[in-house]
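In the working numbering, the protein residues as written are 214 to 447.
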């Protein structure tokens, strides 16, 4: 998977010293001691073993805004950055997948309502930096533990259609007794729209007579999250 330098020139010796110092700082002080571009450098070291990657790491942060946004950026947009080849995209997508898998593991271990921060973390990790609206449903059993979560629809930058009967039908197929709805706002602002509120209430109306509870509808964005239940909108 390692990528050869485009110009075929090996790194100067001081680059190796820089890499060693950065790794040592990470080992001793953890990720919180590193800037976003430095954490990206550590990821890029694996894909580009013989070239200074600091300029590329800084370019990624400049383009996308943060470590998280760079890792979650669509491959097509990553490929627009000079110097970003397939090996680098693969490494970034691997980090994104690992983060999502870890966050989901935290949700699956405990009842959702008693580990609400883990649920929020998982929704943000999975969706906050997507460039299109995505509707995800967490299906829960009678102990409020996660059966599975599924992306029911992916739409445009500001709309993803949701059909209440399809949501409830899937819950019945999985023998779920409760659900948590989640979707993202690619604009970054998680403020619920009128359509978000109306759609959630329609799902509640269809689900309730069938014994399926809608615990909440979480909206996530780069600027944070919003809970319709917390806002007393449902």
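The beta-carbon is built from N, C-alpha and C at its ideal position, and this holds for glycine as well.
What you are looking at is a predicted structure, and each value in this text was computed from that prediction instead of being measured.
Helix, strand or coil: how does DSSP classify residue i here?
i           : result
residue 219 : Here the model assigns residue 219 a pLDDT of 42, short of 50, so the residue's position is not dependable and the matter cannot be decided.
residue 404 : coil
residue 390 : coil
residue 328 : coil
residue 440 : strand
residue 447 : coil
residue 224 : Note that residue 224 scores 48 on pLDDT, short of 50, meaning its location in the model is unreliable and no value can be drawn from it.
residue 214 : Residue confidence is low: residue 214 scores 46 on pLDDT, short of 50, so the model does not pin down where it sits. No coordinate-derived value is stated.
residue 247 : coil
residue 231 : helix
residue 449 : What the structure shows of the chain is the stretch from 214 to 447, and residue 449 is not part of that stretch, so it cannot be assessed.
residue 320 : helix
residue 349 : strand
residue 184 : Given that the chain is displayed from residue 214 to residue 447, the structure contains no residue 184 and the question cannot be resolved.
residue 354 : coil
residue 298 : coil
residue 263 : coil
Please name the residue or residues paired with residue i in a DSSP beta bridge.
i           : result
residue 310 : Per DSSP, none; premise fails for residue 310.
residue 395 : 349 and 431
Just to confirm, are residue i and residue j a CB contact at a threshold of 8 Å?
i           : j           : result
residue 397 : residue 319 : no
residue 337 : residue 428 : no
residue 416 : residue 351 : no
residue 384 : residue 420 : yes
residue 276 : residue 258 : no
residue 252 : residue 238 : no
Just to confirm the assignment, what range does the beta strand (DSSP E) spanning residue i have?
i           : result
residue 342 : Taken as a continuous stretch (DSSP letters only), residue 342 belongs to no beta strand (DSSP E), as it is neither H nor E.
residue 426 : 426-434
residue 362 : 359-367
Measuring alpha carbon to alpha carbon, tell me which residue in the options is nearest residue i.
i           : options               : result
residue 436 : 389, 409, 281 and 263 : 281
residue 386 : 416, 249 and 354      : 354
residue 379 : 327, 391 and 365      : 365
residue 326 : 357, 284, 305 and 267 : 357
residue 288 : 275, 279, 278 and 304 : 304
residue 284 : 341, 237, 240 and 247 : 341
residue 409 : 390, 433 and 389      : 433
residue 377 : 339, 334, 255 and 423 : 423
residue 418 : 447, 431, 407 and 403 : 447
By the DSSP assignment, the alpha helix (DSSP H) with residue i in it spans what residues?
i           : result
residue 284 : 280-285
residue 271 : 267-277
residue 289 : 288-291
Would you say the beta carbon of residue i is closer than 7 Å to some non-hydrogen atom of the ligand FMN?
i           : result
residue 426 : The ligand FMN is not part of this structure, which contains no ligands at all.
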